[in-house]
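S.K.: Going down the list, the sequences are from chains A and B.
Counted the way my numbering counts, the first sequence spans residues 7 to 177.
Counted the way my numbering counts, the second sequence spans residues 7 to 177.
Backbone N, C-alpha and C fix where the C-beta goes; we use that ideal spot for every residue, glycine too.
For clarity, every value in this text was computed on a predicted model and none was experimentally measured.
Structure in structure tokens, see below.
Number of protein chains: 2
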Amino acid sequence: MRPIAFALLGVATLAGVVAYTVPAANQEGPPVFVTSIPPGYRDWKLISVAHEEGNFHSFSAVLGNDSAIQAYRAGTIPFPDGAIIAALHYRHVPSEENNKVFGQEQSFVPGTPTNIQFMVKDSRKYAATGGWGFAHFQDGKPSGDEAFMKTCFPCHNEIKARDLVFTRYAQ
Amino acid sequence: MRPIAFALLGVATLAGVVAYTVPAANQEGPPVFVTSIPPGYRDWKLISVAHEEGNFHSFSAVLGNDSAIQAYRAGTIPFPDGAIIAALHYRHVPSEENNKVFGQEQSFVPGTPTNIQFMVKDSRKYAATGGWGFAHFQDGKPSGDEAFMKTCFPCHNEIKARDLVFTRYAQ
Numbered sequence: 007m008r009p010i011a012f013a014l015l016g017v018a019t020l021a022g023v024v025a026y027t028v029p030a031a032n033q034e035g036p037p038v039f040v041t042s043i044p045p046g047y048r049d050w051k052l053i054s055v056a057h058e059e060g061n062f063h064s065f066s067a068v069l070g071n072d073s074a075i076q077a078y079r080a081g082t083i084p085f086p087d088g089a090i091i092a093a094l095h096y097r098h099v100p101s102e103e104n105n106k107v108f109g110q111e112q113s114f115v116p117g118t119p120t121n122i123q124f125m126v127k128d129s130r131k132y133a134a135t136g137g138w139g140f141a142h143f144q145d146g147k148p149s150g151d152e153a154f155m156k157t158c159f160p161c162h163n164e165i166k167a168r169d170l171v172f173t174r175y176a177q
Numbered sequence: 007m008r009p010i011a012f013a014l015l016g017v018a019t020l021a022g023v024v025a026y027t028v029p030a031a032n033q034e035g036p037p038v039f040v041t042s043i044p045p046g047y048r049d050w051k052l053i054s055v056a057h058e059e060g061n062f063h064s065f066s067a068v069l070g071n072d073s074a075i076q077a078y079r080a081g082t083i084p085f086p087d088g089a090i091i092a093a094l095h096y097r098h099v100p101s102e103e104n105n106k107v108f109g110q111e112q113s114f115v116p117g118t119p120t121n122i123q124f125m126v127k128d129s130r131k132y133a134a135t136g137g138w139g140f141a142h143f144q145d146g147k148p149s150g151d152e153a154f155m156k157t158c159f160p161c162h163n164e165i166k167a168r169d170l171v172f173t174r175y176a177q
């Protein structure tokens, strides 16, 4: 079984590379994905927090660059070009050290970082996906093949009234 | 019953005012609590996120001023004077609009804001409580009587090895 497994892995890896170079250059038309991490995102301001169960068990901080934060605070829809939203995802795990102090199971904290996702607004470049470029990074590298990345837009498009952005600003 | 209810409310309100003016001026010695909201805290950088069940059902974003963030990133313990940590607390509630899109119950978001708590480091002013001044605000005003505020220190003091700070920095 091993040679087959390796061969499949090789194809998958190759497909991944193609998915991230061709769409970036947009040589084959849309969709276009974001393939480099927006610099300085860890210093951005807080939009909100999120917790997803289902298949995710994720704990998230959602941050925005200045353009995104200004639009959120002003209630500007659609978001202006240049706005970027970052979702920092971690595992949602119990905190044993906190629970010890509290004397009961009650405290959950971010565990292992799982991935970082971005939505980058550029109404021309990403016209085919509602003006948003989607990005998914693991360990600092683009991750997820083209089939996976193509799932971003149709789901986000369900929340069209808020310009495809699920997260509301936490006052 | 009404006059009595009003009278009790009056006493409670008065007691609240006394509790927050006397310790602030430190006329009766320690403990000293923080009675004004540190300006600009909503623009501070992210330390981490938190979720408490038990009696809380709270969803939190934990932010730090520049001094606190620098100390976290450098691993500096104890935190330097001037460091301030803010915990923005909300109810941990399901998001019906997100769940509708996902087609299942999986999404939790911040609900009503409940309170904002701060820890302000000043090793001289707050020497009696490990160098930290504690603050608890509801609707922009100091909240919680002196008995409540006195519960902050002994619990935080359980995590002495990390200078009384429970929240770890989310990478």
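For LYS131 of chain A, tell me which candidate among A:ASN105, A:GLY88, A:THR173 has the shortest Cα-Cα distance.
M.R.: The residue labelled residue 131 of chain A in the question sits at position 125 within the first sequence. When each option's Cα is compared against that of LYS131 of chain A, the closest is A:GLY88.
S.K.: Which same chain residues, not among the five before or five after GLY146 of chain A, have their C-beta less than 8 Å away from its C-beta?
M.R.: As a working mapping, residue 146 of chain A is identified with position 140 in the first sequence. Only ILE43 meet the Cβ criterion.
S.K.: Say whether the segment 143 to 161 of chain A touches the segment 94 to 111 of chain A, bearing in mind that this needs 3 or more beta-carbon pairs closer than 8 Å, one atom from each stretch.
M.R.: no
S.K.: Using a Cβ-Cβ cut-off of 7 Å, state whether VAL55 of chain B counts as contacting chain A.
M.R.: If you number the second sequence from 1, residue 55 of chain B lands on position 49. It does: the Cβ of VAL55 of chain B has a partner Cβ on chain A nearer than 7 Å.
S.K.: Between the segment 58 to 78 of chain A and chain B, which residues of the former have CB atoms less than 9 Å from a CB of the latter, in chain order?
M.R.: Contacts with chain B (Cβ-Cβ distance below 9 Å) from the segment 58 to 78 of chain A involve GLU58, GLU59, GLY60, ASN61, PHE62, PHE65, SER66, ALA67, LEU69, ILE75, listed in chain order.
S.K.: Quick one: Cα of TYR96 of chain A to Cα of PRO119 of chain A, how far?
M.R.: In the first sequence, residue 96 of chain A corresponds to position 90, counting from 1. In the first sequence, residue 119 of chain A corresponds to position 113, counting from 1. Distance between the alpha carbons of TYR96 of chain A and PRO119 of chain A: 4 Å.
S.K.: Assuming PRO160 of chain B is part of the alpha helix (DSSP H), what are its boundary residues?
M.R.: Position 154 of the second sequence, counted from the first residue, corresponds to residue 160 of chain B. Per DSSP, PRO160 of chain B belongs to the alpha helix (DSSP H) from 158 to 162.
S.K.: Count Cβ pairs between the segment 166 to 177 of chain B and the segment 77 to 94 of chain B that sit closer than 8 Å; are there 3 or more?
M.R.: yes
S.K.: With DSSP as the reference, identify every bridge partner of TYR96 of chain B, one or two as the case may be.
M.R.: Position 90 of the second sequence, counted from the first residue, corresponds to residue 96 of chain B. Answer by DSSP bridge pairing, in chain order: B:PHE65, B:PRO119.
S.K.: For THR179 of chain A and GLY60 of chain A, what's the separation of their Cα atoms in angstroms?
M.R.: Outside the shown range of chain A, which is 7 to 177, sits residue 179 of chain A, and nothing can be said about it.
S.K.: Indicate the three-state DSSP secondary structure (helix, strand or coil) for ALA56 of chain B in the structure shown.
M.R.: If you number the second sequence from 1, residue 56 of chain B lands on position 50. Looking at ALA56 of chain B - three-state DSSP - the assignment turns out to be strand.
S.K.: Cα separation between PRO148 of chain A and ILE165 of chain A?
M.R.: Numbered from its first residue, the first sequence carries residue 148 of chain A at position 142. Numbered from its first residue, the first sequence carries residue 165 of chain A at position 159. Whole-angstrom Cα-Cα distance: 25 Å.
S.K.: Contact criterion: CB-CB distance below 7 Å. Does GLN144 of chain A meet it with respect to chain B?
M.R.: Reading the first sequence from its first residue, position 138 is the one you call residue 144 of chain A. It does not; no Cβ of chain B falls within 7 Å.
S.K.: Does PRO45 of chain A have its Cβ less than 7 Å from a Cβ in chain B?
M.R.: To locate residue 45 of chain A, count along the first sequence from 1; it is residue 39. So, not an interface residue.
S.K.: Listing by chain order, which chain B residues have their CB less than 9 Å from the CB of CYS161 of chain A?
M.R.: Walking along the first sequence from the start, residue 161 of chain A turns up at place 155. Those within 9 Å of CYS161 of chain A in chain B are VAL107, PHE108.
S.K.: Less than 8 Å between C-beta atoms, sequence neighbours within five positions excluded: which residues of the same chain meet that for SER101 of chain B?
M.R.: By one-based count along the second sequence, residue 101 of chain B stands at place 95. Contacts found: SER113, PHE114, VAL115.
S.K.: Assuming contact is defined by CB atoms lying nearer than 7 Å, are LEU52 of chain A and ALA67 of chain B in contact in what I supplied?
M.R.: Position 46 of the first sequence, counted from the start, is the residue given in the question as residue 52 of chain A. Position 61 of the second sequence, counted from the start, is the residue given in the question as residue 67 of chain B. Taking 7 Å as the Cβ cut-off, LEU52 of chain A and ALA67 of chain B qualify as a contacting pair.
S.K.: Alpha carbon to alpha carbon, what distance is there between GLU152 of chain A and ILE122 of chain B?
M.R.: Within the second sequence, the letter at position 116 stands for residue 122 of chain B. Within the first sequence, the letter at position 146 stands for residue 152 of chain A. When rounded, the distance between both Cα atoms is 42 Å.
S.K.: Determine the direct distance from the alpha carbon of ASP49 of chain B to that of GLN177 of chain A, and round the result to whole angstroms.
M.R.: The count along the first sequence starts at 1 and reaches residue 177 of chain A at position 171. The count along the second sequence starts at 1 and reaches residue 49 of chain B at position 43. GLN177 of chain A and ASP49 of chain B: Cα-Cα distance of roughly 11 Å.
S.K.: Give the secondary structure of ALA141 of chain B by DSSP, where H, G and I count as helix, E and B as strand, and everything else as coil.
M.R.: Position 135 of the second sequence holds residue 141 of chain B. If DSSP states are grouped into helix, strand and coil, ALA141 of chain B belongs with the strands.
S.K.: Any beta carbon from chain A within less than 7 Å of ASN104 of chain B's own beta carbon?
M.R.: What you label residue 104 of chain B is simply residue 98 of the second sequence in a count that begins at 1. With 7 Å as the cut-off, ASN104 of chain B counts as an interface residue toward chain A.
S.K.: Would a check of beta-carbon distances place GLN177 of chain A closer than 7 Å to chain B?
M.R.: What you label residue 177 of chain A is simply residue 171 of the first sequence in a count that begins at 1. It does; some Cβ of chain B falls within 7 Å.
S.K.: Thinking C-alpha only, which one of B:VAL40, B:HIS98, B:VAL126 is nearest GLU58 of chain A?
M.R.: Here the question's residue 58 of chain A lines up with position 52 in the first sequence. Measuring from the Cα of GLU58 of chain A, the nearest candidate turns out to be B:HIS98.
S.K.: Run through chain B and tell me which residues come within less than 8 Å of SER129 of chain A, C-beta to C-beta.
M.R.: Translated into the one-based positions of the first sequence, residue 129 of chain A becomes position 123. Here the premise fails: no neighbours, minimum Cβ distance about 23 Å.
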